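Asks: Going by our numbering, the first residue of the sequence shown is number 1329, and it counts up by one from there.
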Amino acid sequence: AGGGQARQVVGASPSWCPRDVRAFVGVSGAYDLEGLAEHLHRRGLYKNLFCQIMSIDGVPALHELSPLCAARSWGKGSAAVAHMPRVVLVHGTSDKSAPHEGSVQVHEALQGLCARRWLARRA
1329 AGGGQARQVV GASPSWCPRD VRAFVGVSGA YDLEGLAEHL HRRGLYKNLF
1379 CQIMSIDGVP ALHELSPLCA ARSWGKGSAA VAHMPRVVLV HGTSDKSAPH
1429 EGSVQVHEAL QGLCARRWLA RRA
């Protein structure tokens, strides 16, 4: 953004610093929004409705809002990885609302970036 105007960033208000977070515990999280859209469509929530819910300024933004897509886009030396806290993911394998495969996929993406910092548990 130019002209002295700050670019608005999703999740930037209120502002916070990742270094302020000591750890993140995700319980049954919906980390793969693209996969979740398909899963919910099969369970009766139409994909086009989910895409409208997960939109930015009325434009579907599953990729932009998906934690899995974000984790896959980071490089090993990226600032996002350098400032991330320890992460623990807990997800039951029988979960019907958010498939546990999304937690497994985000765990694999994060573990590939820094193996000693990421842990996944599937109860």
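C-beta atoms are modelled at their ideal positions from N, C-alpha and C, and glycine is treated no differently.
The structure displayed is predicted, hence computed values, not measured ones.
For a test of the three-state rule: what should DSSP assign to L1417, helix, strand or coil?
Replies: In the structure shown, L1417 sits in a strand (DSSP, three-state: E or B).
Asks: Buried or exposed, going by whether 16 or more other CB atoms sit within 10 Å of the CB of A1351?
Replies: So A1351 ends up on the exposed side.
Asks: Suppose contacts are defined by Cβ-Cβ distances below 9 Å. Is R1441 in contact with V1418 by that definition?
Replies: Reading the sequence as shown, one finds Leu at residue 1441 and not Arg. Result no, Cβ atoms of L1441 and V1418 do not sit closer than 9 Å.
Asks: Just the C-alpha distance for Q1439 and V1416, rounded to the nearest angstrom, thanks.
Replies: About 11 Å.
Asks: By the DSSP assignment, the alpha helix (DSSP H) with G1440 in it spans what residues?
Replies: Its alpha helix (DSSP H) spans residues 1429-1441.
Asks: To the nearest angstrom, how far is it from the Cα of K1404 to the Cα of H1435?
Replies: Those two C-alpha atoms are separated by around 15 Å.
Asks: Return yes when the Cβ of P1395 is within less than 9 Å of the Cβ of D1348, no when it is not.
Replies: Not a contact, by the Cβ cut-off of 9 Å.
Asks: Assuming G1357 and A1426 are in contact, meaning their beta carbons sit under 8 Å apart, how far apart are those beta carbons, in whole angstroms?
Replies: With 8 Å as the limit, G1357 and A1426 qualify as a contact, their Cβ atoms being about 7 Å apart.
Asks: Taking C1345 as the reference, which of G1386, G1363, E1366, M1412 has the closest Cα?
Replies: Ranking G1386, G1363, E1366, M1412 by Cα distance to C1345 puts M1412 first.
Asks: Short check: CB of Q1380 to CB of G1372, under 9 Å?
Replies: Contact flag unset, no.
Asks: Per DSSP, A1351 forms a beta bridge with which residues?
Replies: In DSSP, A1351 forms a bridge with R1414.
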